Amino acid sequence: MKKQILLGHLASQAWAMHPDYLTNLAAVLQRWSAGESAGADVMADVQAAQEARAARKAATPAKATGNIQVLNLWGVMTQKANLVNEISGGGGTSTQAFTQAFRDAMADPSVAGILIDCDSPGGSVTGTPELAAEVMKARGVKPVYAFVNGLAASACYWVASSCEAIYSTPSGSAGSIGVYCTHTDASKAMEKAGLAQEFISAGKYKTEGNSNGPLNPEGRAHIQGQIDSFYNAFTGDVARGRGTTTAAVKAGYGQGRCLLADEALKAGLIDGVCTFDQAIAKLGARIKGGTSPAARRTAGPTTAAQAAARQRQVEIAALTGQSPTTSSTSRAANSEQVRARIAARWRQIEIASK
Numbered sequence: 020m021k022k023q024i025l026l027g028h029l030a031s032q033a034w035a036m037h038p039d040y041l042t043n044l045a046a047v048l049q050r051w052s053a054g055e056s057a058g059a060d061v062m063a064d065v066q067a068a069q070e071a072r073a074a075r076k077a078a079t080p081a082k083a084t085g086n087i088q089v090l091n092l093w094g095v096m097t098q099k100a101n102l103v104n105e106i107s108g109g110g111g112t113s114t115q116a117f118t119q120a121f122r123d124a125m126a127d128p129s130v131a132g133i134l135i136d137c138d139s140p141g142g143s144v145t146g147t148p149e150l151a152a153e154v155m156k157a158r159g160v161k162p163v164y165a166f167v168n169g170l171a172a173s174a175c176y177w178v179a180s181s182c183e184a185i186y187s188t189p190s191g192s193a194g195s196i197g198v199y200c201t202h203t204d205a206s207k208a209m210e211k212a213g214l215a216q217e218f219i220s221a222g223k224y225k226t227e228g229n230s231n232g233p234l235n236p237e238g239r240a241h242i243q244g245q246i247d248s249f250y251n252a253f254t255g256d257v258a259r260g261r262g263t264t265t266a267a268v269k270a271g272y273g274q275g276r277c278l279l280a281d282e283a284l285k286a287g288l289i290d291g292v293c294t295f296d297q298a299i300a301k302l303g304a305r306i307k308g309g310t311s312p313a314a315r316r317t318a319g320p321t322t323a324a325q326a327a328a329r330q331r332q333v334e335i336a337a338l339t340g341q342s343p344t345t346s347s348t349s350r351a352a353n354s355e356q357v358r359a360r361i362a363a364r365w366r367q368i369e370i371a372s373k
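Quick note on the working numbering: the sequence shown kicks off at 20 and runs consecutively.
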């Protein structure tokens with residue numbers, strides 16, 4: 020029964036998670052809910068994974084260089100990690116618990132900066148934007164960096180993008196920016212098993228999306244609208260965190276794919292490729308007064324289009340006497356006057372040259 024409850028939770032959630040991991044998680048739950056027990060080899064693998072995580076956690080310093088707090092964002096992320104810990108080997112992260120740990124670090128006067136150690140395929144959308152907002156609020160209070168120590172996918176990257184800077188190990192992957200859910204039509208399986216289920220409900224849409232049949236167009240459109248809303252929130256938060264536009268995130272940040280470290284750097288998902296110790300050193304330099312990578316991203320390099328636009332402003336200023344910093348709104352409102360002044364100025368130049 021417990022596995023069936025977990026399976027129901029899995030099907031009812033919107034997920035910001037690497038699809039391979041969610042597929043594997045669902046497959047395990049499907050087998051277990053059908054009464055299929057895990058073999059000795061599987062349980063041995065789970066135990067080995069638990070021991071490896073415990074050893075890794077013990078080896079990770081609570082504080083590095085004395086005043087930097089390291090917070091681990093590992094495994095499947097859900098509001099309450101016990102929902103998936105039994106399947107994932109106890110390596111999940113509760114976003115509620117992580118939020119509290121983050122707040123404690125922010126309130127601790129002995130902590131000058133925070134490094135979020137990321138190794139997660141993502142997880143449930145629920146609770147993730149709230150955690151990302153908590154991290155974003157830290158800007159201007161204490162520097163917070165993220166380190167991709169393996170994988171920062173989907174919900175994990177959502178949170179990481181709110182940090183001042185993101186660095187990755189050379190073998191790391193980041194991205195998987197997207198949201199999805201699943202719907203299973205179990206009607207044929209139930210029919211084959213000789214089962215029939217009848218809903219007795221109140222409310223027009225109360226049983227919409229149930230697994231006893233296919234989705235109708237109206238139900239599909241409603242669910243798609245929810246997924247689109249989550250996706251827009253996800254990409255909007257990433258855009259704010261990375262100092263770019265939502266359109267740029269949707270078009271150039273992998274479009275749902277995870278990118279290897281070098282590709283992620285070129286695309287703008289991360290700020291550099293380095294080791295864990297080097298990331299700690301970078302955060303230490305920032306604490307001592309170094310420039311924030313977020314500030315550099317916001318300023319950004321001047322593109323060819325921006326340079327050309329600036330040159331046009333300078334040329335117009337030279338011909339009309341206007342300041343090149345005049346707003347585009349003002350220029351548009353006075354376009355006829357500008358054209359008249361340019362024409363007059365050209366006539367003056369022609370007369371002077373004769």
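For each residue, glycine too, the CB sits at the ideal point set by N, CA and C. Being a predicted model, the structure only gives us computed values, none of them experimental.
The three-state secondary structure of L92, taken from DSSP, is strand.
For I133, the enclosing beta strand (DSSP E) begins and ends at 132-139. Per DSSP, the continuous alpha helix (DSSP H) segment holding I246 begins and ends at 236-261. Counting every other CB atom within 10 Å of its CB across the protein chains shown gives D256 a total of 16 or more, marking it as buried. At the C-beta level, A124 and I135 stay beyond 7 Å of one another. Measuring C-alpha to C-alpha distances from Q245 to each of E210, V144, I87, S113 identifies V144 as the nearest.
One alpha carbon belongs to R261, the other to R316, and they sit about 7 Å apart. In this structure, the CA atom of G146 is about 24 Å from the CA atom of E227. A contact between stretches requires three or more CB pairs, one per stretch, nearer than 8 Å, and the stretch 194-205 fails this requirement with the stretch 294-306. Proximity to D281 across P233, V292, G94 peaks at V292, based on C-alpha coordinates. About 6 Å separates the beta carbons of L150 and F117, which is inside the 8 Å limit, making them a contact pair. Secondary structure note for S206: its alpha helix (DSSP H) is the uninterrupted segment 206-211.
The C-beta separation of A286 from G273 comes to about 7 Å, placing the pair in contact by the 8 Å criterion. Residue pairing by DSSP puts L278 in a beta bridge opposite A193.
In the DSSP secondary-structure assignment, L170 is bridged to S192. When the five nearest sequence neighbours on each side are left out, the beta carbons in the same chain lying within less than 8 Å of the beta carbon of H37 are those of P140, G141, L170, A172, S173, S195, C277, in order along the chain.
With fewer than 16 other CB atoms across the displayed protein chains lying within 10 angstroms of its CB, Y224 is exposed. In this structure, the straight-line span from the alpha carbon of A313 to that of G232 is close to 49 Å. Here T203 is exposed, its C-beta having fewer than 16 other C-beta atoms within 10 Å.
Judged by beta-carbon spacing, A157 lies beyond the 7 Å limit of I185, meaning their Cβ atoms are not closer than that value.
Between G308 and the set A33, A126, P162, the nearest pair of CA atoms involves P162.
Take the alpha-carbon of C137 and the one of G271: they are about 22 Å apart. Excluding five sequence positions before and after F295, the CB atoms of its chain that fall closer than 8 Å to its own CB belong to D136, F166, N168, T188, given in chain order.
Rounded to whole angstroms, the gap between the alpha carbons of L234 and Y40 is 25 Å.
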